[in-house]
Ligand code: NDP
């Protein structure tokens, strides 16, 4: 079954390019399952894929893209620089490897995966300069960051004058991450919300469940719609076709302002995170 992809809106980034607001993420999709999973997602209609060097499945994403026969200009592909690759030569070399694995001559978006303020003598500014160089040499259309806190954004922008196109950060109803979203908005950076359904954690939520019941939708659909109406870019992950379809069917219903406010009020601050705090996260795994 092929579903029309035309109902996915695009967001215009600060470099003038367009990104589909809904995509498909492949974190924790094991390499052996990745080609099949991505092929299914493409069949369902997803055209925006979010992977990373760290996920260890770029080659399988590339195999799925090639096997699909979908035109390159209909796809939007993001990958991210792994934590061990921040030094300029490592970034250049591993970025070339990423392109090779993905079987692409360019990606649409390349991100610094984590700022790692306690590594590399706290210098993520030179890493940002290398990212900009990779854009200038044509390997990526856009460059951005991930997990950057407001102070990290201020620093790279102050020191280089170059504003990232996106900041991919954790956002879910229990961790609405307003400070980072506000900093993104202030700088004209698009926010991408990772783990949008809190890795499935919203499933039994009463508030979300009541809205879902009223609208005849699922808790995941209501939560994903909340993100879309807030203007964020999302790419939920699922290994199951029915859920891929469910997570893609978001454009024929709307939440009211009251629904949006009720979901935003579920915020628990720091304790609502599902992932690590970017100020202290320092894991390097190759
Ligand atoms: P999500 O919030 O997308 O949740 C995925 C989990 O929810 C999976 O366990 C999935 O199970 C389950 N699920 C999916 N759809 C449904 C549904 N409709 N109903 C109930 N459960 C469902 O978490 P992710 O962490 O995967 O985040 C999405 C993407 O964000 C990642 O794949 C990655 O691309 C990106 N990301 C980026 C990070 C960063 O540091 N930049 C960090 C984390 C994620 P199943 O697969 O069994 O269906």
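Residue numbers (this note's numbering): 8 to 293.
Note that the Cβ used here is the ideal one computed from N, Cα and C, for glycine as well.
Query raised in the report: Hey, would you say residue 151 sits closer than 8 Å to residue 171, going by beta carbons?
Result: By one-based count along the chain shown, residue 151 stands at place 144. By one-based count along the chain shown, residue 171 stands at place 164. The answer is yes: Cβ separation under 8 Å.
Query raised in the report: Using the rule of at least 16 other Cβ atoms within 10 Å of the residue's Cβ for burial, across every protein chain shown, is residue 154 buried or exposed?
Result: Mapped onto the chain shown, residue 154 falls at position 147. Result: buried.
Query - Under 8 Å between C-beta atoms of residue 279 and residue 182 - result: If you number the chain shown from 1, residue 279 lands on position 272. If you number the chain shown from 1, residue 182 lands on position 175. Contact flag set, yes.
Query raised in the report: Does ligand 1 have even one heavy atom less than 7 Å from the beta-carbon of residue 225?
Result: Within the chain shown, the letter at position 218 stands for residue 225. Because some heavy atom of ligand 1 lies under 7 Å away, the Cβ of residue 225 counts as near it: yes.
Query raised in the report: residue 234 and residue 200 look like a contact to me (Cβ under 8 Å); what is the Cβ gap, rounded to whole Å?
Result: By one-based count along the chain shown, residue 234 stands at place 227. By one-based count along the chain shown, residue 200 stands at place 193. Their Cβ separation, rounded to whole angstroms, is 5 Å, which keeps residue 234 and residue 200 in contact under 8 Å.
Query raised in the report: Where do the ends of the beta strand (DSSP E) carrying residue 201 lie?
Result: Along the chain shown, read from residue 1 onward, the residue named residue 201 stands at position 194. First-last of the beta strand (DSSP E) with residue 201: 197-201.
**Report entry** Every unbroken alpha helix (DSSP H) inside the region 119-148 [4 residues or more]
**Finding:** 132-143
Query raised in the report: Of the residues 71, 198 and 95, which one's Cα is nearest the Cα of residue 44?
Result: Taking the chain shown and counting its residues from 1, the one referred to as residue 44 is at position 37. Comparing Cα positions, the closest option is 71.
Query raised in the report: For residue 117, which beta-bridge partners are listed by DSSP?
Result: As a first step, residue 117 is located in the chain shown; it is residue number 110 there, counting from the start. According to DSSP, residue 117 bridges with 86 and 150.
Query raised in the report: Can you check whether the CB of residue 115 is closer than 8 Å to the CB of residue 68?
Result: In the chain shown, the residue the question calls residue 68 occupies position 61. In the chain shown, the residue the question calls residue 115 occupies position 108. For residue 68 and residue 115, no; Cβs fall outside 8 Å.
Query raised in the report: How long is the line joining the alpha carbons of residue 229 and residue 87, rounded to whole angstroms?
Result: Here residue 229 refers to the residue found at position 222 of the chain shown. Here residue 87 refers to the residue found at position 80 of the chain shown. Straight-line Cα distance between these residues: approximately 28 Å.
Query raised in the report: residue 216 by DSSP, collapsed to three states: which one?
Result: What you label residue 216 is simply residue 209 of the chain shown in a count that begins at 1. Residue 216 falls in the helix class under three-state DSSP.
Report task. Check residue 33 in the structure and name its three-state DSSP category. Result -> Here residue 33 refers to the residue found at position 26 when the chain shown is read from its first residue. Coil at residue 33, not helix or strand.
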